[in-house]
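Before any comments, here is the structure.
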Amino acid sequence: MSYNIHIQRQEISALFDLKGPSEALQEWAGKHLPVFPSHPNSKTIKDEMELSFIGRNHWILRAPLSQEQSLAGRLMPESCPSDISIVRISDTLTFFGISGPDAPEVMAIACPLDLHASVFLEGMITYSEVFGIKALVSHYDGGFEFAVEQSFGDMIVDYLNRAIT
Amino acid sequence: MMLIHCPFCGKRSESEFIYGGPVGADRPNPDAVSDAQWVEYLTVTPNPLGPVQEKWWHARGCGEWLTIWRDTRTHDIVEAPENAQ
Ligand SMILES: [Zn+2]
Chain E
9 MSYNIHIQRQ EISALFDLKG PSEALQEWAG KHLPVFPSHP NSKTIKDEME
59 LSFIGRNHWI LRAPLSQEQS LAGRLMPESC PSDISIVRIS DTLTFFGISG
109 PDAPEVMAIA CPLDLHASVF LEGMITYSEV FGIKALVSHY DGGFEFAVEQ
159 SFGDMIVDYL NRAIT
Chain X
288 MMLIHCPFCG KRSESEFIYG GPVGADRPNP DAVSDAQWVE YLTVTPNPLG
338 PVQEKWWHAR GCGEWLTIWR DTRTHDIVEA PENAQ
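These protein sequence lines map, in sequence, to chains E and X.
Here the first sequence stands for residues 9 to 173, numbered as in my numbering.
Here the second sequence stands for residues 288 to 372, numbered as in my numbering.
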């Protein structure tokens, strides 16, 4: 059977991995970041920056690639205090957008999460699996997005094509 | 498939987790126990017929380590026994 979906491999984003107590991170860089999300696996947005709360004392900041250098200049990863960690990881993840009427069906093949809109609410983001590979999965208006390590990107394209045809 | 409750993420598929072994006894002071007790601590892991406390790692999730009680007769995740520590 074939599915009515649209798959788009996204452009690379600026990504920073933030770890440590939120108070310490906010003290170091809070004025440059969106408000820290309070609920696990949720995100906050300010300007074009998204801050996702993806583990205990663990956040990922995502922004357009054009902001990468200026963000690095403001977050100053190399000189941050020892109780926090800020690492530029823009090159490590590749993002896929899955949209269209059958997007939930195809995501249900790939991912063990309960993706029903009443459980995996719009705006939620979490680490899970896609085709057995660790993936950062999010639900947005009209579809889903997930990110896997760059090196798995071409394989995921192949898996998706097999799943939808 | 089991659904395991992660304290950060909530209920998730077993496939997102890696088994970390049964929860063993606390490490005794090797100078304060007999050789037999020390060998018992090092080599004997809990393997009851019934509820056992296990460590699991939400590796393909948020990264949290957690413990659950699982009944080895039914594979069900159960409440901690009343006499559990
Ligand atoms: Zn978790």
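Here a beta-carbon is modelled for each residue, glycine too, at the ideal position from N, C-alpha and C.
Whether residue i touches residue j by CB criterion (8 Å)
i, j, result
"E137 of chain E", "S302 of chain X", "yes"
"P338 of chain X", "D358 of chain X", "yes"
"F103 of chain E", "Q158 of chain E", "no"
"K27 of chain E", "I133 of chain E", "no"
"F152 of chain E", "A111 of chain E", "yes"
"L83 of chain E", "A71 of chain E", "no"
"H147 of chain E", "L129 of chain E", "yes"
"V95 of chain E", "I106 of chain E", "no"
"S50 of chain E", "G131 of chain E", "yes"
"I141 of chain E", "Y11 of chain E", "no"
"P48 of chain E", "F295 of chain X", "yes"
"I62 of chain E", "C349 of chain X", "yes"
"V365 of chain X", "W356 of chain X", "yes"
"L23 of chain E", "S87 of chain E", "no"
"I305 of chain X", "A346 of chain X", "yes"
"P89 of chain E", "A143 of chain E", "no"
Closer than 8 Å to chain E by CB, residue i
i, result
"F304 of chain X", "no"
Within chain E, the residues that residue i reaches when beta carbons sit closer than 9 Å
i, result
"G307 of chain X", "Near G307 of chain X there are no residues of chain E at all, since even the closest Cβ is about 17 Å away, more than 9 Å."
"E351 of chain X", "G63 and R64"
Min CB distance residue i to chain X below 8 Å
i, result
"K142 of chain E", "yes"
"E35 of chain E", "no"
"P120 of chain E", "yes"
"P112 of chain E", "no"
"P48 of chain E", "yes"
Reduced DSSP category for residue i - H, G, I as helix; E, B as strand; rest coil
i, result
"Y11 of chain E", "coil"
"Q18 of chain E", "coil"
"T134 of chain E", "strand"
"R170 of chain E", "helix"
"P72 of chain E", "strand"
"S146 of chain E", "strand"
"E366 of chain X", "coil"
"G161 of chain E", "helix"
"R82 of chain E", "helix"
"P338 of chain X", "strand"
"S93 of chain E", "strand"
"D330 of chain X", "For the sequence presented, residue 330 of chain X should be read as Thr rather than Asp. If DSSP states are grouped into helix, strand and coil, T330 of chain X belongs with the helices."
"P309 of chain X", "strand"
"V114 of chain E", "helix"
"H66 of chain E", "strand"
"A37 of chain E", "helix"
"S60 of chain E", "strand"
Neighbour list for residue i in chain X, Cβ cutoff strictly below 8 Å
i, result
"T134 of chain E", "C296, G348 and C349"
Chain E contact residues for residue i, given Cβ-Cβ distances below 7 Å
i, result
"S300 of chain X", "P120"
Residue i: contacting residues in chain X (beta-carbon distance under 7 Å)
i, result
"A137 of chain E", "The question names Ala, but residue 137 of chain E in the sequence shown is Glu. S302, E303 and R347, listed in chain order."
Residue-level contact to chain C via CB, residue i, 8 Å cutoff
i, result
"I15 of chain E", "Annotation note: the requested chain C is absent from the structure, which comprises protein chains E and X."
- Task: Could you name the residues whose beta carbon sits closer than 6 Å to any heavy atom belonging to ligand 1, keeping them in chain order?
- Result: X:C293, X:F295, X:C296, X:H345, X:G348, X:C349 and X:E351
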